[in-house]
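K.L.:
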Amino acid sequence: MVLGVVYGQRPFREYPGWEYNDFPLPPDWKTPGEWAFARLMYPPIFGFGRGFRRQRGVNWQEGYSNWTIDYPRSDRHLSAAVRRLTRIQARSVEEPVNLDDGDEVYNWPWLYGVEVGHWDLTDEQAGKLRDFLLRGGFFMCDDFHGTQEWQVFIASMQRVFPDRAIVDLDDREAIFHSIFDLDGRYQVPGAQFLRSGRTYEQDGYEARWRGIYDHKGRLMVAICHNMDLGDSWEHADNPLYPEKYSALGLRIGVNYIVYAMTH
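In this note's numbering, the protein residues as written are 1 to 263.
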């Protein structure tokens, strides 16, 4: 992997999010690490779904956009789990990453995108993400549901990789066994489950574990469709949110990170 560790990066950045604007910083937030939760910033698509009304006139580069869903609470909970469950020296705070920001993305070997059923990458951003991945980077995306959001996701992902297939991942895939054996996975719902009792959203009735491989057989894009792992991390300390969902969500996140750091 040609991407370096994250020591010596520029100071930690924060943005206002939809749910949290003053989430407390951990006491060791200035301590660097070999891994940090890198969160993809992206422009939202307008005129579709719940993102339309609330995002018109909002500059996505200043936060308060779809990419800030669950942020930063979910990021910090997963980072804490990585510290507890692996030997990876994880930074306690996340890093928002803008593909338009020079070569910044190349400093972060693992990149996470939330609500990618609402993203709308430019051609330049798609090209940068493609180069990042082909150089050894890893992209995990999550929290999008049903047919319509899949179509929005595909519209940008096909600009990233117009020539590479999205495939369903076999249970024997190494990413499901890098730390925990994740056979028997089940759909992980968002916090809406507490109101609705449903594990699915829209017409996303079944969880889909998909990915894109590079020419050497390395999984470089992990697509978590019809599930909300971000909420399972965010609500890991919420006594109302079922433990079985946070337990699986955290194990999935840890496995994906360890796979990304070792392949």
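Glycine included, C-beta positions come from ideal geometry on N, C-alpha and C.
This one's a predicted model, so the numbers in the text were calculated from it and none came from an experiment.
1) In the structure shown, what three-state DSSP assignment does residue 35 receive?
2) Going by C-alpha distance, which of 232, 227 and 223 is nearest residue 139?
3) Can you name, in chain order, every residue of its own chain whose Cβ lies under 6 Å from the Cβ of residue 191, other than the five neighbours on each side?
4) Determine the extent of the beta strand (DSSP E) in which residue 221 is found, giving its start and end residues.
5) Classify residue 51: buried if its beta carbon has 16 or more other beta carbons within 10 angstroms, exposed otherwise.
6) Does the beta-carbon of residue 167 have 16 or more other beta-carbons within 10 angstroms, so that it is buried, or is it exposed?
7) Under the rule that 16 or more other beta-carbon atoms within 10 Å means buried, what is residue 262, buried or exposed?
8) In whole angstroms, what is the alpha-carbon distance linking residue 137 and residue 30?
9) Look at the Cβ atom of residue 211, then the Cβ atom of residue 225, and state whether they are nearer than 8 Å.
10) Just curious, the beta strand (DSSP E) that residue 253 is in, first and last residue?
11) Give me the residue from 259, 251 and 21 with the minimum Cα distance to residue 295.
12) Find the nearest neighbour of residue 90 within the set 219, 237, 194 and 28, judged by alpha-carbon distance.
13) Could you tell me which of 164, 144 and 149 sits nearest to residue 130, measuring between CA atoms?
14) Going by DSSP, what residue range makes up the alpha helix (DSSP H) through residue 233?
15) Let me know the secondary structure DSSP gives residue 29 once reduced to three states.
16) Give me the Cβ distance between residue 112 and residue 219, rounded to the nearest whole Å; I'm assuming they're in contact under 8 Å.
17) Distance check for residue 239 and residue 127, CA to CA, integer angstroms please.
18) Report buried or exposed for residue 44, applying the criterion of at least 16 other Cβ atoms within 10 angstroms of its Cβ.
19) Which residue spans inside the region 88-171 form an unbroken alpha helix (DSSP H) run of at least 4?
20) Name, in chain order, the residues that DSSP records as bridge partners for residue 211.
21) Please go through the region 65-89 and give each complete alpha helix (DSSP H) segment of 4 or more residues, from N-terminal end onward.
P.N.:
This is what the structure gives:
1) strand
2) For residue 139, the nearest C-alpha among the options comes from 223.
3) Excluding residues within five positions, the ones whose Cβ falls inside 6 Å are 231 and 235.
4) 219-225
5) For residue 51, the predicted model reports a pLDDT of 43, less than 50, meaning its position is unreliable; a value from the coordinates is still stated below. By the 16-neighbour rule on beta-carbons within 10 angstroms, residue 51 is buried.
6) In this structure residue 167 is exposed. Its beta-carbon is surrounded by fewer than 16 other beta-carbon atoms within 10 angstroms.
7) exposed
8) Taken atom to atom, the span from the alpha-carbon of residue 137 to that of residue 30 is near 24 Å.
9) no
10) Element bounds for residue 253: not the beta strand (DSSP E) but the alpha helix (DSSP H), 243-262.
11) The chain is shown only over 1 to 263; residue 295 falls outside these bounds and no answer can be derived.
12) 28
13) 164
14) That run of the alpha helix (DSSP H) goes 229-234.
15) DSSP places residue 29 in coil when its eight states are reduced to three.
16) The pair is not a contact, with the Cβ atoms about 15 Å apart (cut-off 8 Å).
17) 42 Å
18) Buried, since its Cβ has 16 or more Cβ neighbours within 10 Å.
19) List check, alpha helix (DSSP H) in window: 123-134 and 146-160.
20) 167 and 222
21) 73-85
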